[in-house]
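See structure below.
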Amino acid sequence: MKITNNKSQITNNIKILNVLMFRLGILGLFVVCFLMLVVLSGCAGQQKEKKFEVVKVARGELAAFIPSTGVVTPRNRLEIKPPFAGRIERVLVKEGANVRKGQVLAWISSSDRAALLDAARAKGAAEIEYWEDVYKPAPVIAPINGFIVLSNFEPGQSFTAADPIMVMADKLIVKAQVDETDIGKIKAGQGAMIVLDAYPDQKTEAAVESIEYESQVINNVTIYQVYVLPDAVPAYFRSGMSATVNFAQRSERSVLLLPLKAVRKQNGQSYVFVRDKDDQLQPKRVTTGQDNGSDVGILSGLSEGDEVTVPDAATATALLARPRRGGLFNPFGGRRSR
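Right, dumping it as structure tokens:
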């Protein structure tokens, strides 16, 4: 009898436990649903409160340019080679030194003089002094005005007639690579601005000196070499440095300007995004002019002081694709009926 009562009590306890677990499961489900609603509401609130930059159409001056890449290089690079094989006796200039035409850069001995002096050293100082006075060294003369780009030898080193003792240049310029589609907009004497990759905060004014007549094909693109001459070569210029060259185009005064990032291109048309009377973003087609890489001229579609919103790429794409009131928005222009 006692065993039966214990079984009955255990059965009741199991039933009570199952009921409690069921109720706890329902309660847990409600808690999870509640938390999900809170999270979704928060995300919806964040989406609703998403802010975009707003810019105003302003009037100002627009100086456009054509960008290109280039390399600092000597305009005329000259290798100074000796007329005979021999040995370096003295080097009188260092790399980077400015020299004038006719200046002595180094003293050299022919192979015969070098051998004679080496033999005289075994006979004493008097013998060396005699032969150094009788058999004079030959000078290495600067053939042009310029500066020393490279000095290849030190005193005591031997050389052949084919070895350049030094390398000179008259002036450093920038060889810019210009696409054939832009070459028609560049002329000799045209102003330019040089910015070296190594010194991005330093700008050097320059002008176009000449344009090569023969094109080159680089990465399947036809380009022309344009020689750009700095007005004054800065001391930090070095041969081989990479540079950005911006060729100046015509400057326009009192034009409507808008940051280039506020304009979206689609199917050859330009669009901006403005708010309608219901404060909803809508795309608006505009006509643009030239740009300078940061600002673009607005020829029609906006007025001075108009506010333009700058959405992110995903929002802009969605706005350009969605239907508009009064008909579907047609990115090719105009509206088309439903």
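The opening residue of the sequence shown carries number 1219 in this note's numbering; numbering runs sequentially from there.
In this text, a Cβ means the ideal position worked out from N, Cα and C, and glycines have one as well.
On a predicted model such as this, the values are computed, not experimentally measured, just so you know.
Item                                                                                                                                                                                       : Value
Taking 8 Å as the threshold, find out whether the stretch 1326-1335 comes into contact with the stretch 1298-1306 through three or more Cβ pairs.                                          : yes
Check each candidate in 1420, 1325, 1443 and 1483 and name the one with the smallest Cα separation from residue 1570.                                                                      : No information on residue 1570 is available, as it lies outside the stretch 1219 to 1556 that the chain covers here.
Give me the residue from 1340, 1370, 1492 and 1386 with the minimum Cα distance to residue 1296.                                                                                           : 1386
Which residue wins for smallest C-alpha separation from residue 1464, given the options 1446, 1525 and 1308?                                                                               : 1446
Look up residue 1424 in the DSSP assignment and say whether it is helix, strand or coil.                                                                                                   : strand
Hey, quick one: how far does the beta strand (DSSP E) through residue 1352 stretch, first residue to last?                                                                                 : It is not in any beta strand (DSSP E) - residue 1352 instead sits in the alpha helix (DSSP H) that spans 1343-1352.
Could you give the C-beta distance for residue 1528 and residue 1271, rounded to a whole number, given that I count them as a contact under 8 Å?                                           : 4 Å
Do residue 1473 and residue 1515 have their C-beta atoms within less than 7 Å of each other?                                                                                               : yes
Over the uninterrupted beta strand (DSSP E) stretch that includes residue 1291, give me the two end residues.                                                                              : 1276-1292
Count the CB pairs spanning the stretch 1403-1412 and the stretch 1452-1470 that are closer than 8 Å, and state whether there are at least three.                                          : yes
List the DSSP bridge partners of residue 1511.                                                                                                                                             : According to DSSP, which records beta bridges pairwise, residue 1511 is partnered with nothing at all.
Give the DSSP-derived three-state secondary structure of residue 1402 in the structure shown.                                                                                              : helix
As a quick exercise: from 1497, 1471, 1475 and 1506, pick the residue whose alpha carbon is nearest that of residue 1488.                                                                  : 1506
Are there 16 or more other CB atoms within 10 angstroms of the CB of residue 1383, so buried, or fewer, so exposed?                                                                        : buried
Quick one: is residue 1521 buried, meaning 16 or more other Cβ sit within 10 Å of its Cβ, or exposed?                                                                                      : exposed
Please state the DSSP three-state secondary structure of residue 1474.                                                                                                                     : strand
Checking 7 Å against the spacing of the C-beta atoms, do residue 1415 and residue 1457 come in under that value?                                                                           : no
What's the C-alpha gap between residue 1388 and residue 1363?                                                                                                                              : 6 Å
Here's a check: name, in chain order, each residue in its chain whose Cβ is nearer than 8 Å to the Cβ of residue 1391, leaving out the five neighbours to either side.                     : 1290, 1291, 1292, 1293, 1427, 1445, 1446, 1447 and 1448
Might you give, ordered along the chain, the residues of its own chain that have their beta carbon closer than 8 Å to the beta carbon of residue 1479, omitting 5 neighbours on each side? : 1528
Tell me the DSSP secondary structure of residue 1536 in three-state form.                                                                                                                  : helix
Applying the criterion that 16 or more other CB atoms from any shown protein chain within 10 Å of the CB defines a buried residue, is residue 1583 buried or exposed?                      : This structure leaves residue 1583 out entirely; the chain is present only between 1219 and 1556.
Out of 1517, 1357 and 1499, point me to the one whose CA is closest to residue 1530's CA.                                                                                                  : 1499
For the candidate residues 1510, 1393 and 1537, whose alpha-carbon lies nearest to that of residue 1503?                                                                                   : 1537
Go ahead and pull the three-state DSSP assignment for residue 1261.                                                                                                                        : The predicted position of residue 1261 is uncertain, since its pLDDT is 48 and thus under 50; a value taken from the coordinates is nonetheless stated next. If DSSP states are grouped into helix, strand and coil, residue 1261 belongs with the helices.
May I have the straight-line CA-CA distance separating residue 1518 from residue 1469, to the nearest angstrom?                                                                            : 19 Å
Mapping DSSP to helix, strand and coil, what is residue 1433?                                                                                                                              : coil
Would you mind working out which of 1490, 1422 and 1475 sits nearest residue 1282, comparing C-alpha positions?                                                                            : 1475
Which two residues bound the contiguous beta strand (DSSP E) that contains residue 1410?                                                                                                   : 1409-1414
I'd like the list of long-range same chain contacts for residue 1411, defined as Cβ closer than 8 Å, with 5 residues on each side in sequence excluded.                                    : 1283, 1421, 1422, 1423, 1424, 1463, 1464 and 1466
Beta carbon of residue 1373, beta carbon of residue 1308: below 7 Å?                                                                                                                       : yes
To the nearest angstrom, report how far apart residue 1194 and residue 1483 are at their CA atoms.                                                                                         : Lying before the first or after the last residue shown, residue 1194 is absent from the chain, which here runs from 1219 to 1556.
Does residue 1397 pass the burial test, meaning 16 or more other C-beta atoms within 10 Å, or should it be called exposed?                                                                 : exposed
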